[in-house]
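Remarks on the structure that follows.
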Amino acid sequence: MRALISDIHGNLEALQAVLADIRSKGITEIYCLGDVVGYGPNPAECIDLVMDLQLCLLGNHDQAALFDPEGFNAAAERSIFWTRSVLEKGVGPKAEKRWDFLGELSRRHRDEASKMMFVHGSARNPLNEYVFPDDIYNQVKMEKIFALIEKTCFQGHTHIPGVFTDTLEFLAPEEIGFRYKLGPGKAMINVGSVGQPRNNDPRSSYATVNGDVIEFHRVPYDFEKTVAKIYAIPELDNFLADRLREGR
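Reading the sequence shown from the start, the letters are residues 10 to 257 in my numbering.
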């Protein structure tokens, strides 16, 4: 069995809770689909934990911490510059290892045996393209993306968990009992967000893969502790904390 996490966004409390939940299930293979940093108050600590995972991909916020952010709103841009300053203040081999880790992250991973692809954004643009639930009504966009998927693609980026089918359906986890069995058709699976959920549920989200069965999981964590940390950092906008309470 494999666990898939994404969009941690510097939220240490959420990441610790999710990793504990995953390991309580006896799962040892964990993939992260990017955005380890950005928005949250503990970028260095989150990088340190993710370094030990079996795979981590590059997210757009991770890239922005390495280079200048492009296409970010003002609050996201400020948080990235603050994140970069935190990482730059680190000294010694451990701090250097964090930069090396971010700089070596891949944008895409393929498991040829299972015909599974792993990205942050989409199969067409693994770093930056959003695929939202409403995109099922954009037939041209969806057909172009599905044409690049051999069987199954796992992604994050929107922070909204669910299943996109090649018949242009979006299935929210709540609608399918948090479980989906892969069939003969193609599917895109969004695993949701660990550190900043946005489907009106403040609990962290992740997914597991066991053969052809996908399960979605929600994990409560002490978001008030994360909220207090964000409030205490002038460079991080308060709404980045407030939204954690509502999962939006």
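Glycine included, each C-beta is placed from N, C-alpha and C at the ideal position.
Practice prompt. Pick out the complete beta strand (DSSP E) segments inside the segment 111 to 180, 3 residues or longer, and give them in chain order.
Written response: The qualifying runs are 117 to 120, 125 to 128, 161 to 164, 171 to 174.
Discussion item. Given this structure, state the Cα-to-Cα distance separating Leu75 from Gly112, to the nearest angstrom.
Written reply: Their backbone Cα atoms lie some 7 Å apart in a straight line.
Worksheet item: Where in the segment 173 to 249 do unbroken runs of the alpha helix (DSSP H), each at least 4 residues long, occur, reported from the N-terminal end onward?
Response: DSSP runs (the alpha helix (DSSP H)) wholly in the segment 173 to 249: 232 to 240.
Worksheet entry | Between the CA atoms of Lys153 and Leu24 - distance to the nearest angstrom | The alpha-carbon atoms of Leu24 and Lys153 are separated by roughly 33 Å.
Worksheet item: Can at least three beta-carbon pairs, one atom from the segment 165 to 176 and one from the segment 190 to 204, be found at a separation below 8 Å?
Response: Yes, the segment 165 to 176 is in contact with the segment 190 to 204.
Worksheet item: If you run the structure through DSSP and keep just helix, strand and coil, what is Ile56?
Response: Three-state result, Ile56: helix.
Discussion item. Can you give me the C-alpha to C-alpha distance between Val46 and His70, rounded to a whole angstrom?
Written reply: C-alpha of Val46 to C-alpha of His70: approximately 6 Å in a straight line.
Worksheet item: With Asp44 and Val228 assumed to form a contact (beta carbons below 8 Å), what rounded beta-carbon distance in angstroms separates them?
Response: That pair is no contact at about 17 Å.
Item to complete: Tell me, to the nearest whole angstrom, how far the beta carbon of Leu13 is from that of Tyr230; I am working on the premise that it is less than 8 Å.
Response: About 18 Å separates the Cβ atoms of Leu13 and Tyr230, ruling out a contact at the 8 Å cut-off.
Worksheet item: In this structure, does DSSP put Leu21 in helix, strand or coil?
Response: Secondary structure of Leu21 (DSSP, three-state): helix.
Discussion item. So the candidates are Phe232, Ser88, Leu191, Phe248; which of them puts its Cα closest to the Cα of Val27?
Written reply: Checked all of Phe232, Ser88, Leu191, Phe248; the closest Cα to Val27 is Phe232.
Discussion item. For Arg11 and Val218, which I take to be in contact (beta-carbon distance under 8 Å), what is that distance rounded to the nearest angstrom?
Written reply: With 8 Å as the limit, Arg11 and Val218 qualify as a contact, their Cβ atoms being about 5 Å apart.
Worksheet entry | Nearest-angstrom Cβ-Cβ length linking Asp57 and Gln205, presumed shorter than 8 Å | That belief does not hold up - the Cβ atoms of Asp57 and Gln205 are roughly 19 Å apart, past 8 Å.
Worksheet item: How long is the line joining the alpha carbons of Ser123 and Tyr240, rounded to whole angstroms?
Response: So the two alpha carbons sit approximately 44 Å from each other.
Item to complete: State yes or no: is the C-beta of Asp210 within less than 8 Å of the C-beta of Gly171?
Response: A distance of 8 Å or more separates the beta carbons of Asp210 and Gly171.
Discussion item. Quick check on Thr92: buried or exposed, where buried means 16 or more other Cβ atoms within 10 Å of its Cβ?
Written reply: Around the beta carbon of Thr92, 16 or more other beta carbons sit within 10 angstroms, so the residue counts as buried.
Worksheet item: Ala53 and Gly99 look like a contact to me (Cβ under 8 Å); what is the Cβ gap, rounded to whole Å?
Response: About 6 Å; that satisfies the 8 Å criterion.
Practice prompt. Evaluate Ala237 with the Cβ neighbour count: other Cβ atoms within 10 Å of its Cβ, from every protein chain shown; 16 or more gives buried, anything less gives exposed.
Written response: Burial check for Ala237: the Cβ neighbour count within 10 Å stays below 16, so the residue is exposed.
Worksheet entry | Val59 burial status per 10 Å Cβ neighbour count (16 or more: buried) | Counting Cβ neighbours within 10 Å, Val59 comes out buried, since at least 16 surround it.
Discussion item. Measuring straight from C-alpha to C-alpha, what distance separates Asp221 and Phe163?
Written reply: Asp221 and Phe163 have their C-alpha atoms some 13 Å from each other.
Worksheet entry | Delimiting residues of the beta strand (DSSP E) encompassing Arg11 | 11 to 14 is the extent of the beta strand (DSSP E) around Arg11.
Discussion item. If you measure between the beta carbons of Phe173 and Glu224, is that distance less than 8 Å?
Written reply: Taking 8 Å as the cut-off, the beta carbon of Phe173 is found no closer than this to the beta carbon of Glu224.
Discussion item. Comparing C-alpha positions only, which one of Tyr48, Val140, Asn147, Phe179 sits nearest to Asn82?
Written reply: Answer by Cα proximity: Tyr48.
Worksheet entry | Through-space distance from Phe248 to Ala85, alpha-carbon basis | Put simply, the backbone Cα of Ala85 is about 11 Å away from that of Phe248.
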